[in-house]
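Remarks on the structure that follows.
There are 2 protein chains.
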Amino acid sequence: MEVGDLSRVAQDYLKVIWSASEWGEPPITTKGLAERFSTTRANVSETLHRLDDQGLLIYRPYRPALLTPIGRRLAIAMVRRHRLLEAYLARTLGYAWNEVHDEAERLEHAVSELFLARIDEVLGHPAIDPHGDPIPNADGSWPQFGDTAELSEVPPGSYVVLRVSDTDAEQLLQLAEVGMRPGVTVTTSGKDGAITVAGKAVRLDPEQLGAVRVLV
Amino acid sequence: MEVGDLSRVAQDYLKVIWSASEWGEPPITTKGLAERFSTTRANVSETLHRLDDQGLLIYRPYRPALLTPIGRRLAIAMVRRHRLLEAYLARTLGYAWNEVHDEAERLEHAVSELFLARIDEVLGHPAIDPHGDPIPNADGSWPQFGDTAELSEVPPGSYVVLRVSDTDAEQLLQLAEVGMRPGVTVTTSGKDGAITVAGKAVRLDPEQLGAVRVLV
DNA sequence: CCATACAGTTAAGTTAACTTAACTTGTCGC
DNA sequence: GCGACAAGTTAAGTTAACTTAACTGTATGG
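Going line by line, the protein sequences match chains Y and Z. Numbering follows the numbering used here, in which position 68 of the first sequence is assigned residue number 80; successive positions increment by one, without gaps. Numbering follows the numbering used here, in which position 98 of the second sequence is assigned residue number 110; successive positions increment by one, without gaps.
Written out as structure tokens, the structure reads:
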């Protein structure tokens with residue numbers, strides 16, 4: 013089974029369910045999926061039943077959905093598509109850091125494996141996307157990095173930003189405006205969200221701090 | 013109304029119905045659409061009713077479908093998408109002449125207007141795609157060329173190839189193999205499909221000759 | 001001018017995906 | 001330990017898109 017055999021909706025669900033737990037968070041809820049896809053909880057519930065029937069995940073009412081090995085493999089293939097496309101859009105078509113996500117969400121359902129192979133080659137097999145998220149290899153394996161932690165839970169000190177979450181476009185734009193992007197150095201004071209980003213003093217709320225992962 | 017508001021199926025129908033008459037051929041039939049989309053005549057019939065209801069075309073049973081002004085505008089927007097994408101794939105991603113069509117058919121439903129604007133700029137606002145088909149401008153107007161005719165209906169002599177039809181992938185590959193592509197010079201003898209392409213003698217059947225348009 | 005072949009249509013049924021409405025479950029504060 | 005409320009589910013209905021089966025129009029050759 014390949015991602016091309018899945019419906020657009022199935023592709024979206026697998027990617028989002030997998031991504032929700034990428035950094036150790038608890039499994040995404042029915043409500044969370046409904047918000048993510050701007051639909052009703054009822055619709056999510058029914059769709060999860062269908063995906064269970066298709067063997068992509070295990071879903072028992074009132075339990076969180078759990079990806080099967082097949083579901084996980086396909087989810088990671090979707091994540092690879094998304095992140096490779098983000099990298100391509102930023103590098104070759106001049107997309108701004110906060111514009112790549114939406115376009116990648118459109119293209120990830122459409123491009124062929126040939127297209128992916130070509131852009132992977134043009135980019136020189138990149139290991140991370142513009143937000144710092146690792147790009148899985150074609151065989152599902154992962155590039156290796158040091159350990160990371162959320163900026164919200166790290167002791168005061170200086171850190172190198174590795175990753176900025178791209179799930180909330182609004183938030184991403186705010187973070188981009190204060191210069192927060194992979195590679196910059198930030199210093200946390202521990203006091204109330206006051207930090208310096210590339211030398212400039214800024215203040216971030218806890219949610220914004222949680223969207224930034226740094227090397228520890 | 014924009015192309016993004018249409019279903020994928022509606023986008024396909026408008027593009028194909030419009031394209032069928034691009035070079036003066038009669039309107040495409042129900043059967044023709046069914047073959048083009050690998051579906052049943054029944055399905056085509058029902059879909060045409062739906063598109064009529066949506067005001068995209070006029071459809072009366074046993075009459076050919078006729079695009080409304082709105083339908084035509086959207087059809088041309090889809091043609092622009094398709095051909096711009098073909099040009100982009102060939103020029104920047106090393107797609108072979110006969111590979112671009114299939115990938116463009118996937119992408120044309122997915123890319124945003126921003127994406128189109130960017131690739132149009134990268135390509136320097138091209139007037140033709142890799143098969144020699146004209147690319148409509150964003151406002152629906154057309155680049156100007158000299159008159160063309162099918163190679164099958166032209167008197168013996170030498171001509172410059174302007175366009176090679178891409179609707180049949182198999183045929184396109186055959187024509188590519190004998191060196192038939194936009195820009196080359198061909199000489200017809202009038203005898204039985206015997207012609208020279210860029211100096212080399214080859215023989216083409218009438219259907220193949222009909223797929224090639226030359227400057228007259 | 002009419003029988004017939006085939007193009008075209010209608011009808012009925014299916015599936016994925018969605019909605020709204022009504023119901024159930026689970027958990028948290030007291 | 002229980003009541004209330006949020007989360008979750010089920011049910012019923014809708015729509016686009018598809019299929020198969022059966023029927024209808026139409027154009028053409030004899």
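Glycine included, every Cβ here is placed at the ideal spot set by N, Cα and C.
Residue i: first and last residue of the uninterrupted alpha helix (DSSP H) it sits in
i: S153 of chain Z; result: Taken as a continuous stretch (DSSP letters only), S153 of chain Z belongs to no alpha helix (DSSP H), as it is neither H nor E.
i: G169 of chain Z; result: Premise fails: G169 of chain Z lies in the beta strand (DSSP E), 169 to 176, not in any alpha helix (DSSP H).
i: V91 of chain Y; result: 81 to 104
i: E58 of chain Y; result: 53 to 65
i: E165 of chain Z; result: Counting along the chain, E165 of chain Z falls outside any alpha helix (DSSP H), and DSSP gives it neither H nor E.
i: L187 of chain Z; result: 181 to 189
Per DSSP, cross-strand counterpart(s) of residue i
i: K212 of chain Y; result: Y:V209
i: R48 of chain Y; result: Looking at the DSSP assignment, R48 of chain Y forms no beta bridge with any residue, so it has no partner.
i: I140 of chain Z; result: Z:P146
i: T3 of chain Y; result: The question about residue 3 of chain Y has no answer here: the residues shown for chain Y are numbered 13 through 228.
i: E111 of chain Y; result: The partner list for E111 of chain Y (beta bridge, DSSP) is empty, contrary to what the question assumes.
i: V15 of chain Y; result: DSSP lists no partner for V15 of chain Y.
i: L221 of chain Y; result: Answer is none; L221 of chain Y lacks a bridge partner.
i: L69 of chain Y; result: Y:L79
Run of the beta strand (DSSP E) containing residue i, from where it starts to where it stops
i: V123 of chain Z; result: Taken as a continuous stretch (DSSP letters only), V123 of chain Z belongs to no beta strand (DSSP E), as it is neither H nor E.
i: V28 of chain Y; result: Here V28 of chain Y belongs to no beta strand (DSSP E); instead the alpha helix (DSSP H) covers 20 to 32.
i: L227 of chain Y; result: 224 to 227
query: Along the region 79 to 110 of chain Y, what residues have a CB closer than 9 Å to any CB found in chain Z?
result: Residues L101, T104, L105, G106, Y107.
task: Give a yes or no on contact between the region 88 to 104 of chain Z and the region 123 to 140 of chain Z, applying the rule of three or more CB pairs nearer than 8 Å.
output: Yes, the region 88 to 104 of chain Z touches the region 123 to 140 of chain Z.
message: Would you call the region 112 to 130 of chain Y in contact with the region 113 to 128 of chain Z, where contact means no fewer than 3 C-beta pairs closer than 8 Å?
response: Yes, they touch.
task: Evaluate the contact criterion for the region 75 to 90 of chain Z versus the region 161 to 168 of chain Z: three or more CB pairs, one atom per stretch, below 8 Å.
output: With the cut-off at 8 Å, the region 75 to 90 of chain Z and the region 161 to 168 of chain Z do not touch.
task: Kindly confirm or deny that the region 31 to 49 of chain Z and the region 193 to 209 of chain Y touch, where touching means at least three C-beta pairs closer than 8 Å.
output: Per the Cβ contact rule, the region 31 to 49 of chain Z is not in contact with the region 193 to 209 of chain Y (fewer than 3 Cβ pairs under 8 Å).
The region 186 to 195 of chain Z / the region 205 to 222 of chain Z touching (three or more Cβ pairs under 8 Å): In short, these stretches touch, since the Cβ pair count reaches three.
query: Quick one, which residues of the region 117 to 128 of chain Z are near chain Y if we go by CB-CB under 8 Å, in chain order?
result: For the region 117 to 128 of chain Z, the residues whose beta carbon sits under 8 Å from a beta carbon of chain Y are, in order, R118, L119, H121, A122, V123, S124, L126, F127.
The region 88 to 101 of chain Y in contact with the region 138 to 151 of chain Y per 3-pair CB rule at 8 Å: Counting Cβ pairs under 8 Å, three or more are found: they touch.
Given 8 Å, three or more beta-carbon pairs between the region 87 to 96 of chain Y and the region 46 to 65 of chain Y: Output reads no: the region 46 to 65 of chain Y does not touch the region 87 to 96 of chain Y.
field: Within 8 Å of chain Y by C-beta, residues of the region 128 to 147 of chain Z in sequence order
entry: Against chain Y - using a Cβ distance shorter than 8 Å - the residues of the region 128 to 147 of chain Z are R130, I131, V134.
task: Can you give me, in chain order, the residues of the region 14 to 47 of chain Y that have a beta carbon less than 7 Å from any beta carbon in chain Z?
output: For the region 14 to 47 of chain Y, the beta-carbon criterion of a distance under 7 Å to any beta-carbon of chain Z is satisfied by none of its residues.
- prompt: For the region 179 to 191 of chain Y, which residues have a beta carbon sitting closer than 9 Å to at least one beta carbon of chain Z?
  reply: Within the region 179 to 191 of chain Y, no residue has a Cβ that lies closer than 9 Å to any Cβ of chain Z.
task: Note down, in chain order, all residues in the region 158 to 179 of chain Z with a beta-carbon under 9 Å from any beta-carbon belonging to chain Y.
output: Within the region 158 to 179 of chain Z, no residue has a Cβ lying closer than 9 Å to any Cβ of chain Y.
message: I'd like to know if the region 147 to 156 of chain Z and the region 16 to 30 of chain Z are in contact, where contact means that at least 3 CB-CB pairs between them fall below 8 Å.
response: No, they do not touch.
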